[in-house]
Structure formats: C-alpha cells, structure tokens
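Under my numbering, the first residue of the sequence shown is numbered 1, with each subsequent residue one higher.
Built from N, CA and C at the ideal position, the CB exists for glycine as well.
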Amino acid sequence: MRTSMRSAAVAATAVSLALLVTACGGGEKSDDKGGKTGGTGAPSASATSAPAARTLSDAELEKALVERADLKGYQVQKTETGDVVPAASVTADKAACAPIAHAMSFISPGSPVASAERKVLEEPKKDASASPEEALLGGLGAQVTAVTLGSYEGQGAQEAFASVKKAGAECAGGFHVVHLKEKTKVSKVAPETVTAGEEAVAFTVTSDMEGEPFVSKLVVFRQGNTLASFSTISLVPGGVKTLPQAVVDAQAAKLS
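What follows is the structure, encoded as structure tokens:
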C-alpha cells in the first residue's frame, strides 16, 4: 500500500513524495531545507504601505507553527528526512510558475531566511459499521495538508506573495513540474476566495493522474514578514473539494 500511495501522490501533484506515504506515522524534522529560490514580483500597494515587521528565526517559526492542540480532529506531524527538498530540485517549465510549484512542495517561495514545516492530517471519521475496505477508503480520502512558514527580510515576504499571486494568473492554463526526477502535469490553476493574514490568495490546482483529473488546493497568506503556505491533497476520487479552512484559520491565529 505504501508503494501505491507513493505512486498516486507523485502522479497527482508536486507535493512532497513522502507526504501521503507517511500519513500514518510520525517522524523527525529534516534539517536539510536546501537553498530557497523562486520567482519575483512587485509587491502590491497594500503590502508596500504595511509597517515594518520583525523577521522570525527558525526557532521562532517552529513555535509559531500549528500544533495538535490548535486543531480538533487533526494530527500534526513533523516532517521526515526527504520531505523537504532543495528549491532547485523542484522546477517548472515556465519560470513564472515556480512560486506555485514551490508552495506546493514544502518550499517557501522567494528567498526566506528561515523556514519551518509540518504535516497536518485530517483524522478519518470513525464508523463502527464500516467494513475494513470502507474504512481503508475513508482513510485514503482524508485530507493531508503541507504547512510551510517562511520568514523574510526587507520586502521579501511582500515580493514572494506577489510572485505567487502573479503565477496564479500567468499559469492558469497549466504547466509542468519536475519534483526531483518525477514529472507532473498541472493542467489548470483556478482562483479561490480566502481571507487570512494581511493578504491572501488561494487556488484550485488540477493535475493529471494517468489521464484523470486530480484536484488539490493551495493557500498562501502573508502576516508581516512571514509567509504561510498550505498545500492540501487527498486520494478520494475527484481530489480535494474545499480549502483547508480550519488549518488556515488556526495558523493565522498563531501568527496574528
């Protein structure tokens, strides 16, 4: 089952290959965050007028991440070695689309000076009357969200956010992502409505999985000099239907 889950995740989206494979177990956080690179864009008018904010360290970002106590009905796990790869290992065939590819892959867009990551797993609803097969399908359908916090200096957070927003418009018709050596086709990026932090953007990302559409959700918001990214996937037929609002709200509350 571990092999089939890995294959499905690789074919469906550019999210870290280990995200679904490790959904049923914990792990230690990887120290290899790699170089952080990404697209650039001019900050929005609201962003440039915002007052200066403090740049958080790696340790401060770790404390600012959502925990299980913040989310009822979810598990929160540290990332494992291999979950977080260098930014250079995740590329897009269209340079403008790199910020979205990175935000989907445990990588903060742009050039953060510190970062931290967690896996947030929705706990499957228990049904005593369900057969073992139904229980298994219910577990596979649970949402898994990759949460990434990145801290920036100067106007870095504003510029990184602007690059994600710009990518959503310029990459609406799709692009190809190479995550390590695995190539994935993103066929569509559609805007969603979301409110969080000082400015926020969200998308429905449709990828190709063996000729079938697979839907995931992406949310990015900025709070001061910190950017929070949420990439949500599920193996339920049709993919993810709604934004991970509870996770976004809990993280926004901790950063406010």
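Near the ligand COA: residue i beta-carbon under 7 Å from a heavy atom
{"i": "K183", "result": "For the ligand COA, the structure offers nothing, since it holds no ligand at all."}
Beta-carbon proximity of residue i to residue j, cut-off 8 Å
{"i": "V215", "j": "F230", "result": "no"}
{"i": "A116", "j": "L255", "result": "no"}
{"i": "S234", "j": "V144", "result": "yes"}
{"i": "S151", "j": "P112", "result": "yes"}
{"i": "V164", "j": "I107", "result": "no"}
Contact set for residue i: own chain, Cβ-Cβ below 6 Å, skip 5 residues either direction
{"i": "A160", "result": "P109, G110, L227"}
{"i": "E62", "result": "A116"}
{"i": "P213", "result": "T206"}
{"i": "C97", "result": "A167, C171, F175"}
{"i": "A135", "result": "The predicted model places A135 with a pLDDT of 48, which falls under 50 and marks its position as unreliable; any figure quoted below should be read in that light. Nothing listed; no residue qualifies."}
{"i": "E153", "result": "T55, V113"}
{"i": "K270", "result": "Any answer about residue 270 is impossible in this case: the structure gives the chain only from 1 up to 256."}
{"i": "G173", "result": "none"}
Start-to-end residues for the beta strand (DSSP E) that takes in residue i
{"i": "L218", "result": "212 to 223"}
{"i": "I100", "result": "Note, I100: premise wrong, no beta strand (DSSP E); alpha helix (DSSP H) at 98 to 103."}
{"i": "Q75", "result": "74 to 78"}
{"i": "F175", "result": "175 to 179"}
{"i": "P191", "result": "182 to 192"}
{"i": "L149", "result": "144 to 151"}
{"i": "E201", "result": "According to the sequence as given, residue 201 is Val; it is not Glu. Here the beta strand (DSSP E) through V201 covers 199 to 209."}
{"i": "L71", "result": "Note, L71: premise wrong, no beta strand (DSSP E); not H, not E."}
{"i": "R54", "result": "It is not in any beta strand (DSSP E) - R54 carries neither H nor E in the DSSP assignment."}
{"i": "E122", "result": "114 to 122"}
{"i": "I107", "result": "Segment: none, I107 is in no beta strand (DSSP E) and carries neither H nor E."}
{"i": "V90", "result": "90 to 92"}
{"i": "A196", "result": "No beta strand (DSSP E) holds A196; DSSP gives it neither H nor E."}
{"i": "T232", "result": "226 to 233"}
First and last residue of the uninterrupted alpha helix (DSSP H) at residue i
{"i": "V247", "result": "245 to 255"}
{"i": "K166", "result": "156 to 170"}
{"i": "K63", "result": "58 to 64"}
Own chain residues within Cβ distance below 8 Å of residue i, not counting five before or after
{"i": "A253", "result": "D70"}
{"i": "A59", "result": "none"}
Identity of the residue in the options nearest residue i by Cα
{"i": "H179", "options": "D58, S89, V219", "result": "S89"}
{"i": "A73", "options": "P244, E123, C171", "result": "The identity of residue 73 in the sequence shown is Gly, whereas the question assumes Ala. Ranking P244, E123, C171 by Cα distance to G73 puts E123 first."}
{"i": "V177", "options": "T91, K78, T204, V84", "result": "T91"}
{"i": "A250", "options": "A98, G82, V147", "result": "V147"}
{"i": "T55", "options": "G224, P237, K166", "result": "G224"}
{"i": "L243", "options": "S57, F175, T232", "result": "T232"}
{"i": "A53", "options": "K181, V240, Q155, A169", "result": "Q155"}
{"i": "P86", "options": "T204, H102, A59, G173", "result": "H102"}
{"i": "K94", "options": "V240, T193, K181, A169", "result": "A169"}
{"i": "V66", "options": "V189, L149, S187, K181", "result": "L149"}
{"i": "V194", "options": "Q77, T204, D83", "result": "T204"}
Distance between beta carbons of residue j and residue i, contact taken as under 8 Å
{"i": "A157", "j": "R222", "result": "5 Å"}
{"i": "A202", "j": "L218", "result": "7 Å"}
{"i": "D208", "j": "K183", "result": "Actually they are not in contact, since the Cβ atoms of D208 and K183 sit about 10 Å apart, beyond 8 Å."}
{"i": "T81", "j": "R118", "result": "About 15 Å; that fails the 8 Å criterion."}
Beta-carbon proximity list for residue i, same chain, < 7 Å, skipping 5 on both sides
{"i": "Q75", "result": "R68, L121, E123"}
{"i": "G238", "result": "V215"}
{"i": "C24", "result": "Low confidence applies here, because C24 scores a pLDDT of 35, under 50, leaving its location unreliable; read the following figure in that light. Answer for C24: no residue qualifies."}
Residue i at chain D interface by Cβ criterion, 8 Å
{"i": "A146", "result": "Considering every chain present, this structure includes no chain D. It has just one protein chain."}
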